[in-house]
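Peer 1: For the sequence shown, the positions run 1 to 437 when the numbering used here is used. Positions of the beta carbon are idealized from the N, C-alpha and C atoms, including for glycine. Please read all numbers here as calculations on a predicted model, not as lab measurements. One structure follows; several queries about it will come next.
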Amino acid sequence: MSKLIKNGKAFIEGKWQEVNILIQDGHFAYIGNEEKQADEIIDASGLKIIPGIIDPHVHFALYCGTVTSVDNFISGSRSAAYGGVTTIIDFLDPTRNARKLERSFYDRLELAKGCHVDYHFHACIKEPDADLEQYVLMMKHLGMNTIKLFTTYSETHRRTYDKDIIKLLELTKKYNFLVTAHIENDNLVSLKPEYSCTYISEARPSECEISEALKLAEFAKETNGYLYMVHCSSGETLKRLVNQYGDILGKHFFVESCPQYFSFNKEVLNSEQGYLYTFAPPLRSKEEQELLIKNIDYVNTIGTDHCSFMSEDKKNHPSLVGHPLGIGGIESSFLVMHKLFGDNIIDKMTANIADLEGFLQKGRIALGKDADLAFIKEVGEYPIGKPHGTCDYSIYEGIKVKEKIVHTMLRGEFILRDEKFLGDKGELINCDKEVKF
1 MSKLIKNGKA FIEGKWQEVN ILIQDGHFAY IGNEEKQADE IIDASGLKII PGIIDPHVHF
61 ALYCGTVTSV DNFISGSRSA AYGGVTTIID FLDPTRNARK LERSFYDRLE LAKGCHVDYH
121 FHACIKEPDA DLEQYVLMMK HLGMNTIKLF TTYSETHRRT YDKDIIKLLE LTKKYNFLVT
181 AHIENDNLVS LKPEYSCTYI SEARPSECEI SEALKLAEFA KETNGYLYMV HCSSGETLKR
241 LVNQYGDILG KHFFVESCPQ YFSFNKEVLN SEQGYLYTFA PPLRSKEEQE LLIKNIDYVN
301 TIGTDHCSFM SEDKKNHPSL VGHPLGIGGI ESSFLVMHKL FGDNIIDKMT ANIADLEGFL
361 QKGRIALGKD ADLAFIKEVG EYPIGKPHGT CDYSIYEGIK VKEKIVHTML RGEFILRDEK
421 FLGDKGELIN CDKEVKF
């Protein structure tokens, strides 16, 4: 069934254009000013249309050692649809070798059944005990272009050490993939039993991130490899990277950050409900928050690190050790970031991610690509409400915005229409194996 979208303003190649958009067989078949015949006419008068948002960093149904994150692939993707998100990238459970990686992939694939948006996975490695090149080959065989690693969490045996990081970076040149890293200096993390969960910014201080980010940037420069830093939390980290490694930023070293680090600072941890704002890396000082905002142009992508827990689960684990670290955010991410940064944020949530991940069919309104769209309506100011997933709260509740996502379309079909969830079945999408950075 063909559809013609008329009278809206579409974000194409960095600017708004009044065009007609014809969709056939789930793809963009025509973009221009001609009046094309179609089975269904969709009047988008008064609406802005952007490519479907890609969230490169979510954790659905993740067991954290005490409880499991409450948004699974079904409820989490429902929340995603309300936020204009049409593709998510989750993480495989960390594994040590190629054989276990393959098993982890199919285990996660089973969990993803029923996902309402398109989905993909990052491979995830820990304390490797076998040949790293075989690990990379298995990852590529399974259709992935990213290996996630941690430079911390040695207490739970998830850390990858420097010699293996360097080896993986060397392999990125041969096989065209990204090393995707959670970057904190494990030696500077202090996890004392007496620490409360709201002491997390002191237990995992900024220097944890700054020192480790600079070290890994040096590794990337020395190896000429490709490195992607997830959830950059501190503007000081970003400033130091720009000053010392500006020549490789956006070329060999890519930076992701998250809405929470632009929206809040660590002072909120001192509030009565500070336990609701706990995640790693943690919130930073007001000065670091402002510095991050100032340097937004050096951030390549925005992910949410969506990992939601019920408020009672947070409250009932008051100690930092064993506390469920994580928050939701997939539903509000675009509205919050668009309010702060305007149209400059759109590519960071769509095209840039598609390019880095090798999703040739995603991220842009262009001929032949998947017809993934989010429709935005300007409205009177209102406060963000509770999310439509499983979680009973969002740290973004109460933030006032002037836009709403009214429709979300996945491969030419509405999964959200007039703010009502219709649902659909998303598909596993693989990377293009010839991606070049």
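1. Could you check the C-alpha separation between Ile42 and Phe73 for me, to the nearest Å?
2. Residues in its own chain within less than 7 Å of Ala38 by CB, not counting five upstream and five downstream?
3. Specify the secondary structure class of Phe334 as computed by DSSP and reduced to three states.
4. Do the CB positions of Cys124 and Asp164 come within less than 8 Å of each other?
5. Taking Cβ to Cβ, would you say Leu373 is nearer than 8 Å to Pro51?
6. Candidates Leu168, Phe11, Leu111: which alpha carbon is nearest Asn145's?
7. Which residues bound the alpha helix (DSSP H) around Arg108?
8. Closer than 8 Å is the cut-off here; do at least three beta carbon pairs connect the stretch 294-306 with the stretch 324-331?
9. Following the continuous alpha helix (DSSP H) through Leu292, name the residue where it begins and the one where it ends.
10. Name the DSSP bridge partner or partners of Gly32?
11. Under three-state DSSP, which class holds Glu194?
12. Give me the DSSP bridge partner(s) of Arg417.
13. Please report how far the alpha carbon of Gly385 lies from the alpha carbon of Tyr82, in whole angstroms.
14. If you check the beta carbons only, do Val67 and Phe309 fall under 8 Å apart?
15. Starting from the C-beta of Ile12, find all residues in its chain whose C-beta is less than 6 Å away, skip the five residues before and the five after it, and write them out in chain order.
16. Taking the continuous beta strand (DSSP E) assigned at Gly76, which residues delimit it?
17. May I have the straight-line CA-CA distance separating Phe414 from Leu191, to the nearest angstrom?
18. Under the assumption that His388 contacts Ser79 (Cβ atoms under 8 Å), give the Cβ distance between them as a whole number of angstroms.
19. So the candidates are Pro259, Arg284, Met337; which of them puts its Cα closest to the Cα of Leu269?
20. Using DSSP with H/G/I as helix, E/B as strand and the rest coil, what is Tyr119?
21. Classify His157: buried if its beta carbon has 16 or more other beta carbons within 10 angstroms, exposed otherwise.
22. If we call anything under 8 Å between Cβ atoms a contact, is Val299 one with Gly225?
23. Using a 10 Å radius around the Cβ and a threshold of 16 neighbouring Cβ atoms, would you call Gly380 buried or exposed?
24. Excluding sequence positions up to five away, which residues of its chain have a Cβ less than 6 Å from the Cβ of Asn185?
25. Return helix, strand or coil for Val255, following the three-state DSSP convention.
26. Thinking C-beta only, is Asn352 closer than 8 Å to Thr301?
27. Since Gly46 and Lys315 are thought to touch, with beta carbons under 8 Å apart, how far apart are those beta carbons, to the nearest angstrom?
28. Using C-beta distances below 6 Å, list every residue in its chain close to Ile49, excluding the 5 sequence neighbours before and after it, in chain order.
29. Please identify the residue among Glu155, Asn176, Cys258, Ile395 whose C-alpha is closest to the C-alpha of Val321.
30. Is it buried or exposed for His231, if we count other Cβ within 10 angstroms and need 16 for buried?
31. Taking only three categories from DSSP, how would you classify Val179?
32. Could you tell me the boundaries of the beta strand (DSSP E) in which Lys3 lies?
33. Determine which residues share a DSSP beta bridge with Arg149 and list them.
34. In whole angstroms, what separates the C-alpha of His116 from that of Thr408?
35. Can you grab the Cα-Cα spacing for the pair Leu111 / Ala217, in whole Å?
36. Do Ala130 and Ala181 have their C-beta atoms within less than 8 Å of each other?
Peer 2: With the given structure in hand:
1. As a working note, residue 42 is residue 42 in the sequence shown. As a working note, residue 73 is residue 73 in the sequence shown. Cα to Cα, the separation comes out at about 29 Å.
2. Residue numbering aside, residue 38 sits at position 38 when the sequence shown is read from its first letter. Only Ser2, Lys3, Leu4, Leu22 meet the Cβ criterion.
3. Taking the first residue of the sequence shown as position 1, residue 334 is located at position 334. Phe334: helix per DSSP, three-state reduction.
4. Position 124 of the sequence shown, counting from 1, holds the residue named residue 124. Position 164 of the sequence shown, counting from 1, holds the residue named residue 164. No, the Cβ-Cβ distance between Cys124 and Asp164 is not below 8 Å.
5. Your numbering for residue 373 matches position 373 in the sequence shown. Your numbering for residue 51 matches position 51 in the sequence shown. Yes, these two residues count as a Cβ contact at 8 Å.
6. Counting from one through the sequence shown, the residue named residue 145 turns up at place 145. Checking every option, the nearest Cα to that of Asn145 belongs to Leu168.
7. In the sequence shown, the residue the question calls residue 108 occupies position 108. From DSSP, the alpha helix (DSSP H) with Arg108 extends over 98-111.
8. yes
9. The sequence position of residue 292 within the sequence shown is 292, counting from 1. Start and end: 286-294.
10. As a working note, residue 32 is residue 32 in the sequence shown. Asn20.
11. Against the sequence shown, residue 194 aligns to sequence position 194. It is coil, neither helix nor strand.
12. Residue numbering aside, residue 417 sits at position 417 when the sequence shown is read from its first letter. Answer is Lys420.
13. Residue mapping note: residue 385 aligns to position 385 of the sequence shown, counting from 1. Residue mapping note: residue 82 aligns to position 82 of the sequence shown, counting from 1. In a straight line, the C-alpha of Gly385 is about 12 Å away from that of Tyr82.
14. Along the sequence shown, one-based indexing puts residue 67 at 67. Along the sequence shown, one-based indexing puts residue 309 at 309. The answer is yes: Cβ separation under 8 Å.
15. Indexing the sequence shown from 1 puts residue 12 at position 12. Excluding residues within five positions, the ones whose Cβ falls inside 6 Å are Ile365.
16. The residue you call residue 76 lines up with position 76 of the sequence shown. Note, Gly76: premise wrong, no beta strand (DSSP E); alpha helix (DSSP H) at 73-82.
17. Stepping through the sequence shown from its first residue, residue 414 is reached at position 414. Stepping through the sequence shown from its first residue, residue 191 is reached at position 191. Straight through space, the alpha carbons of Leu191 and Phe414 are spaced by roughly 46 Å.
18. Translated into the one-based positions of the sequence shown, residue 388 becomes position 388. Translated into the one-based positions of the sequence shown, residue 79 becomes position 79. The pair is a contact, with the Cβ atoms about 5 Å apart (cut-off 8 Å).
19. Numbered from 1 along the sequence shown, position 269 holds the residue referred to as residue 269. It is Arg284 whose Cα lies nearest to the Cα of Leu269.
20. As a working note, residue 119 is residue 119 in the sequence shown. Three-state DSSP puts Tyr119 in a strand.
21. Residue 157 sits at position 157 when you count from the first residue of the sequence shown. Exposed is the call here.
22. For this step, residue 299 is matched to residue 299 along the sequence shown. For this step, residue 225 is matched to residue 225 along the sequence shown. Taking 8 Å as the Cβ cut-off, Val299 and Gly225 do not qualify as a contacting pair.
23. Translated into the one-based positions of the sequence shown, residue 380 becomes position 380. Flag for Gly380 reads exposed.
24. Here the question's residue 185 lines up with position 185 in the sequence shown. Once the five neighbours on either side are set aside, the close Cβ partners of Asn185 are Cys208, Ser211, Glu212.
25. Translated into the one-based positions of the sequence shown, residue 255 becomes position 255. Looking at Val255 - three-state DSSP - the assignment turns out to be strand.
26. Walking along the sequence shown from the start, residue 301 turns up at place 301. Walking along the sequence shown from the start, residue 352 turns up at place 352. Taking 8 Å as the Cβ cut-off, Thr301 and Asn352 qualify as a contacting pair.
27. Stepping through the sequence shown from its first residue, residue 46 is reached at position 46. Stepping through the sequence shown from its first residue, residue 315 is reached at position 315. About 43 Å separates the two Cβ atoms, so there is no contact after all.
28. In the sequence shown, residue 49 corresponds to position 49, counting from 1. Only Gly8, Ala10, Leu373, Phe375 meet the Cβ criterion.
29. Here residue 321 corresponds to residue number 321 of the sequence shown, with the count starting at 1. Of the listed residues, the one whose Cα sits closest to Val321 is Glu155.
30. In the sequence shown, residue 231 corresponds to position 231, counting from 1. That one is buried.
31. Within the sequence shown, numbered from 1, the residue matching residue 179 stands at position 179. Looking at Val179 - three-state DSSP - the assignment turns out to be strand.
32. Sequence index remark: in the sequence shown, residue 3 carries index 3 (1-based). It spans 3-6 - the beta strand (DSSP E) in which Lys3 sits, taken as one unbroken run.
33. Counting from one through the sequence shown, the residue named residue 149 turns up at place 149. Sequence inspection shows Leu at residue 149; the Arg mentioned does not correspond to that position. In DSSP, Leu149 forms a bridge with Ala181.
34. As a working mapping, residue 116 is identified with position 116 in the sequence shown. As a working mapping, residue 408 is identified with position 408 in the sequence shown. Their backbone Cα atoms lie some 11 Å apart in a straight line.
35. Position 111 of the sequence shown, counted from the start, is the residue given in the question as residue 111. Position 217 of the sequence shown, counted from the start, is the residue given in the question as residue 217. Taking the straight line joining both Cα atoms gives about 35 Å.
36. For this step, residue 130 is matched to residue 130 along the sequence shown. For this step, residue 181 is matched to residue 181 along the sequence shown. Not closer than 8 Å, so no.
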